[in-house]
Structures are given as structure tokens and as C-alpha cells.
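Per this note's numbering, the very first residue in the first sequence carries number 5; after that it's consecutive. This report concerns only the one structure given below.
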Amino acid sequence: MNLDQTLRAEIQKAVKSLFNQSVEQLQLQPTNQEFEGSHTLVCFPLTKVSKLKPEETANAIGNYLVAHSGMIARFNVVKGFLNLVVADNVWANVFASVYANQQYGQLAANGKEIMVEYSSPNTNKPLHLGHLRNNFLGYSVSELYKTCGYNVHKVQIINDRGIHICKSMAAWKLYGNDETPESSGIKGDHLVGKYYVTFDKNFKAQVKELTDKGVSQEEAEKQAPIMQLAVDMLRKWEAKDSETVALWKMMNGWVYSGFNATYKKMGVDFDKLYYESDTYLLGKEEVLKGVDAEVFFKKEDGSIWVDLTSDGLDQKVLLRSDGTSVYMTQDIGTAILRFRDFPKIEGQVYTVGNEQEYHFKVLFLILGRLGYEWAKKCYHLSYGMVDLPTGKMKSREGTVVDADDLMTEMIEEAEKQTRELGKIEGLSKAEADELFEMIGLGALKFFLLKVDPKKRMLFDPNESIQLQGFTGPFIQYTHARIKAILRKAATMNISAQANDLSNVASLEPSERDILYLLTTYEQKVLEAANLYSPAVIANYAYELAKTYNQFYQTIPIFNEADQSKLKFRIAMSEVVAHVIKHAMGLLGIRVPERM
RNA sequence: GGUCCGAUAGCUCAACUGGAUAGAGCAGCUGCCUUCUAAGCAGCAGGUUCGGGGUUCGAGUCCCUGUCGGAUCACCA
């Protein structure tokens with residue numbers, strides 16, 4: 005039973021009967037804490053049909069509901085707001101249906117498929133804080149869609165070719181002395197990143213040397229020997245030169261094993277990987293077809309363009325005059341390939357930073373012009389940059405926060421604080437380590453996901469390692485507390501059946517607050533998925549944990565003499581633990597049995 | 001310069017898409033551990049929602065305008 009919908013139907017009946025008219029939309033919202041009740045009907049819009057003042061309208065509907073519906077115990081009216089107190093036996097019945105559903109939170113399969121892309125790094129340096137927000141978001145949105153009944157395909161496109169990786173290759177060839185992850189003990193992605201930095205350092209020195217001799221900046225950047233080597237490698241790679249390809253394969257291999265370790269630590273995964281080196285030529289064919297179809301046009305120098313001025317945008321190049329493809333060309337090809345690989349997907353979600361909004365606007369327009377209906381169902385999940393207290397992350401200034409380092413620090417901090425609180429008594433080493441990881445990563449993920457994805461956010465290291473207040477560990481802690489209660493209940497052989505629940509004579513306010521939250525969970529899940537916003541779930545989970553803690557602190561469960569109340573409270577605690585675990589799961593956060 | 005985002009308590013963020021006296025956390029102050037876990041709970045203090053107009057029963061939310069941030073507008077990715 006959906007309480008919200010049932011209430012709406014009851015109110016519709018009341019309006020129809022009282023004013024002999026029906027209204028399409030009712031404004032039913034949660035009641036403010038300061039007033040009694042759980043649901044509030046906003047009556048201002050109804051004055052049109054009631055021909056009464058707002059207060060009179062509210063009173064009329066309230067009286068009718070109390071007299072006829074049986075769901076409403078009493079009501080109060082504040083200005084035009086009708087605050088409804090739902091009868092306790094109705095709450096008990098609604099709760100019983102939630103309690104009976106072992107899969108509460110998981111909606112029925114809808115037969116639809118969708119693809120979510122996230123991560124998609126370059127292969128010349130390790131993952132950083134920005135990638136963490138990207139990965140956690142993409143993973144969480146995938147989980148949201150799964151729980152809404154979709155079959156989800158998680159993918160990424162790995163930017164494994166291009167001048168960036170050639171720079172690392174060039175520097176390694178010149179200065180590497182055959183250094184490998186094995187010989188140096190450095191994680192593969194970090195090793196390749198090290199040579200990317202080496203490249204930059206030497207490149208700058210060479211440019212300076214040249215400009216000191218009077219060469220122009222632009223010319224010096226072209227002439228710098230190390231840059232020439234990188235460009236030469238890119239050319240050789242495209243010509244499939246075996247030595248270059250072998251070096252490329254080796255260094256990318258190092259990066260992949262490094263990335264895999266990082267993804268594993270992060271707790272994210274992918275169903276299929278796309279590599280730019282496999283797909284970068286694909287778009288070309290489609291673009292040429294588009295020229296034949298007169299969707300695109302060719303300029304005198306041979307370059308191919310799309311004219312988007314009728315959509316308020318500019319002209320965009322799709323193939324260079326030398327026939328090589330650009331970023332957009334590749335993305336066109338990759339998109340088409342994915343819909344061939346997964347013909348049943350209704351759309352794609354691209355988890356990419358907001359600096360690429362223009363790019364995706366153009367991409368989707370082009371795909372639409374090429375006649376692909378699914379272009380309408382492509383969505384750019386655009387998220388804001390992560391800033392540091394010192395400002396923007398800049399690799400050149402060495403202010404980039406490394407993903408591996410950050411996760412390690414978070415876990416160490418979790419260990420430190422957990423030990424200080426003396427929380428590891430009775431845990432084995434393995435259990436304790438698992439707990440530290442759960443808490444450290446839980447804090448990090450929650451910190452990055454609790455903010456609306458669209459918004460630019462500040463990452464304050466000191467605040468992120470907080471384990472109190474609006475944090476992941478606070479919610480994990482609430483879960484562990486409930487589990488302790490449930491263990492005790494089990495030893496006392498207390499367990500509830502659905503029919504025990506309807507016997508509850510009366511509810512405490514804090515219990516009604518919890519029931520309200522529990523029964524609106526699936527609605528929240530849908531809202532979060534529609535908005536592509538894990539933040540909705542993070543806020544909900546926090547509110548639920550906080551509300552439960554209020555209950556926990558004011559009502560000692562096992563002191564209750566009334567057996568039906570006791571059973572009800574155990575059952576309610578059980579469902580809160582289940583929903584917390586489920587909601588945190590949607591955020592990619594695990595919850596402990598004790599902490 | 002064009003386009004698009006953003007500005008809410010000292011700090012970090014909410015506000016169910018137009019509803020009540022704008023809410024949390026952190027930081028500060030005050031209480032609560034012979035009880036199921038104090039990583040908790042209760043309370044105090046903190047606001048011209050960037051400025052100025054407008055729309056209406058009602059605006060942090062919608063429209064206009066100004067200020068200040070940011071992104072983007074490459075034959076880069």
C-alpha cells in the first residue's frame with residue numbers, strides 16, 4: 005500500500021463530495037516538525053473550487069476525512085495548511101507491508117536497458133580526486149538504475165592513444181634506463197605518470213634554452229627535441245611501427261594493472277571496456293556517410309564540418325583537412341558502436357565533468373541529425389569540479405590529490421580514530437582491517453556524494469576525515485547500533501510476525517517520524533534516479549539515521565513491558581537497518597555489523 | 001565579447017521544483033554515559049537567501065537588471 009497515493013485518493017473523494025468538483029493536482033507535502041501530523045495538504049489552490057477561505061476549506065476537508073475516511077485520526081489547520089494525523093493502525097498496516105517485503109527498495113524489473121559510462125581516464129597518469137567523484141557518481145547512478153528495475157551496462161572509454169601517452173613513452177625511452185614497476189617497486193600508473201612529469205620538466209627546459217637563443221615561444225615548443233620525439237612516436241604508432249607499438253603496449257599494460265588495483269580499492273567495476281585505439285577510426289566512416297547524406301559539408305581544404313548555427317551553436321570540425329579524426333569524430337563512432345553492441349539499451353548516460361557540456365550538446369545534436377532516434381535518450385551527467393581549499397587542482401603546480409594516496413590516508417585516519425575510541429576489542433586483525441577500510445572509504449564516498457552532482461564542490465581534507473555529524477561513518481555507526489539490538493533480541497528469542505504489528509496500540513512521535521521516512525524510501529529512490537543524483541539518497545540516509553538515533557536515545561527498547569510494542573520496535577529497527585544498508589549500497593558504501 | 005552555470009549562518013551543504021517562522025553538520029557555548037554502542041542525544045547562539053526592480057494569496061525558488069565568481073566558444077582531448 006502506498007500511503008501517499010491512498011491519501012490523495014481519499015482527499016480527492018472529499019473534495020468531490022464537498023465541492024462537487026474534482027481537482028487534478030493536490031499539493032501534499034510533509035508536515036513541518038513544529039506541528040502535529042505527517043502529511044499536509046496545501047489548501048490555497050483549492051479555494052477556487054471550494055469558494056471558501058483557505059482556513060475554511062482546510063477545516064471542511066479535515067472534518068470530512070475524520071468522519072468518512074477512517075485513515076485520519078485528527079487534524080489541525082494553520083492558515084491554509086491542513087495538517088493530517090494518520091491513524092496509528094494505518095501506520096501499523098503500512099509498516100507491515102514494508103516489513104513483509106524482504107527486497108524493500110528494489111523495484112520490479114521493467115525490462116529496460118541503459119548504459120552508464122564513467123571514469124574514462126587518460127593512460128598517462130594515475131587517477132586523482134576528480135576521478136574519484138566521477139567514479140563514485142557513475143557507479144552510484146548505475147546502482148540507482150538497477151534498483152529501479154533497469155538492466156544496466158557499466159562501461160568506460162579508455163583514452164589509450166594520442167600525444168599524451170607518447171610523451172610518457174618518449175621520456176621513458178630517453179631517461180628510463182629500462183625501469184619497470186617490478187624493478188622500481190612503483191605502481192604501474194604512477195610510474196608512467198612519473199615519466200609524464202619527466203617529459204614536462206625536460207620539455208620546459210629545452211623550450212627555455214631555445215627561447216634564450218631568440219627562438220619564438222611557439223617555434224621553440226615545436227623544435228624542442230623531446231617533443232619532436234613524442235610527435236614522431238605518435239606518427240610511428242599510427243603507422244603501426246612494431247617497436248613503438250610494443251613500447252606503447254608495455255607501458256599501457258603497466259597503467260592498466262595500476263588502474264585495476266585502484267578500481268578494486270574504490271569498489272567500482274565495469275561490464276565492458278572500450279579502448280580509443282579500437283574505436284578512433286570508426287567515427288570517420290559515419291562522418292563520411294553524413295557528407296553523402298548532406299548532413300555535413302566539406303570545405304575547400306578537404307576538412308569536414310557540421311553547421312549547427314540553426315541550433316544556436318557554431319560550426320564544428322569533424323575531420324581535419326589531412327583526413328584524421330578529432331575527439332568529436334571518435335565519440336560519434338563510439339556512441340554508434342555501443343548501440344550496435346547493446347541494441348536494447350534505450351539510452352546512454354555519460355558521466356563527464358561540466359567543462360565538456362558544450363561538447364556533449366554538439367555530440368547529441370549531431371547524432372540526432374544522423375537520424376539516430378536514441379540521441380534523444382543520451383544524457384550528459386555533468387558534474388562540477390572538485391576544488392581544494394587552496395583553489396583549483398593543477399598538475400603543473402603539484403596540487404593534484406592522488407586517488408591512491410587519498411584512499412590510504414582515509415583508511416589510516418579511520419584506523420587511528422577507531423583505535424582511540426577503543427572500538428576494536430574482540431575483532432581479529434582481518435576484521436579490524438576490513439572495518440577501517442569500510443569506515444575510511446565510507447567517509448570519502450559519502451563526502452563526495454552528499455553534494456548535488458551539478459555543483460562545484462570544495463574538498464577540505466580536514467572536514468572529509470570527520471566521522472561525526474553528516475557523514476558516512478555516522479550512518480554506518482547507526483547501522484552497527486541497530487545490529488547490536490537485533491543480536492540481543494535474537495538471544496532473547498524475540499521476533500515479530502506481520503500480524504503482531506497491527507496490534508500496536510499507540511505510537512510515539514519519534515516512531516511515526518521513522519515510519520514516515522521508511523514508507524517514502526522507494527519514492528526517494530525514484531526521485532534520485534530521475535535526477536541522476538545520489539545526493540538525494542545521501543541526504544535521506546542521513547535523515548533516517550538521525551531520526552532513528554533520536555528514537556534510540558529516548559526509548560530504551562528492552563525496558564518495554566508491552567510485548568506487542570517490543571516486537572514492533574524490534575521489527576522497525578530491523579527495517580531501518582535494512583533501508584540504511586540498501587541506501588548506502590546505492591552509494592557504494594558498505595556498513596559494518598559492529599563498530 | 002557570445003553562450004551556459006553558480007552566489008543561502010563564520011565554514012561546508014539542504015530546502016520535496018511556487019508554500020508555513022529558510023533547515024542540517026562543522027566550529028563556539030551548556031547539559032546528558034550503574035540502561036540496547038556517547039562515532040550518540042538534548043539545548044543555546046548564529047540569516048537583508050549577492051544588490052535593485054517585477055509577477056501573486058504566497059518568491060531562496062519564476063521574469064528583468066546590475067555586481068562578483070567559474071566554465072566554455074581550437075583542424076586539443
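We treat Cβ as the ideally placed atom computed from N, Cα and C, and that holds for glycine.
May I ask you to list the residues that DSSP assigns as paired with Q319?
D311
Going by the beta-carbon positions, is the gap between L385 and Y536 smaller than 8 Å?
yes
Over what stretch of residues does the beta strand (DSSP E) that includes M119 continue unbroken?
Counting along the chain, M119 sits inside the beta strand (DSSP E) bounded by residues E117 to E121.
Figure out for me which residue from K528, P58 and L410 has the closest Cα to the Cα of F451.
L410
Per DSSP, what kind of secondary structure is N163 in: helix, strand or coil?
strand
Going by beta carbon distance, what residues of the same chain come within less than 7 Å of K487, once the five residues before and after it are set aside?
A581, E597 and R598
In this structure, does DSSP put K276 in helix, strand or coil?
strand
Could you tell me whether the Cβ atoms of S329 and Y376 are closer together than 8 Å?
no
Of all the alpha helix (DSSP H) runs that stay within the bounds of the segment 433 to 471, which reach a length of 4 or more residues?
433 to 453 and 465 to 468
To the nearest angstrom, how far is it from the Cα of V299 to the Cα of K244?
32 Å
For a test of the three-state rule: what should DSSP assign to T151, helix, strand or coil?
helix
Can you tell which of A533, L590, I584 and I518 has its C-alpha closest to the C-alpha of F555?
I518
What residue from T403, Y383 and A379 has the CA that sits closest to V390's CA?
When only C-alpha atoms are compared, the closest one is T403.
Name the two residues that bound the continuous alpha helix (DSSP H) containing E223.
First-last of the alpha helix (DSSP H) with E223: Q221 to Q227.
Return yes when the Cβ of A91 is within less than 8 Å of the Cβ of A77, no when it is not.
yes
Between which two residues does the alpha helix (DSSP H) holding T10 run?
L7 to F23
Assign D464 to buried or exposed, taking buried as 16 or more other Cβ atoms, counted over all protein chains shown, within 10 Å of its Cβ.
exposed
Looking only at its own chain, which residues have a Cβ that is under 7 Å from the Cβ of V291, when we skip the five neighbours before and after it?
F300, I308, L322, L323, T333 and I336
In the DSSP assignment, the alpha helix (DSSP H) including I518 goes from what residue to what residue?
Start and end: P513 to T523.
Return the chain-ordered ranges of every alpha helix (DSSP H) run that is complete within the segment 229 to 260 and spans a minimum of 4 residues.
229 to 242
Determine, using beta-carbon pairs with one atom in the segment 551 to 570 and one in the segment 124 to 143, whether at least three such pairs fall under 8 Å.
no
Suppose contacts are defined by Cβ-Cβ distances below 8 Å. Is A174 in contact with A250 by that definition?
no
Determine the burial state of Q421: buried for a count of at least 16 other Cβ atoms within 10 Å of its Cβ, exposed for fewer.
buried
Give me, in chain order, the residues of the same chain whose beta-carbon lies closer than 7 Å to that of M231; leave out the 5 immediate sequence neighbours on both sides.
F207 and E225
How far does the beta strand (DSSP E) with A575 in it reach, from first residue to last?
No beta strand (DSSP E) contains A575, which is instead part of the alpha helix (DSSP H) from Q567 to L590.
Please state the DSSP three-state secondary structure of G41.
coil
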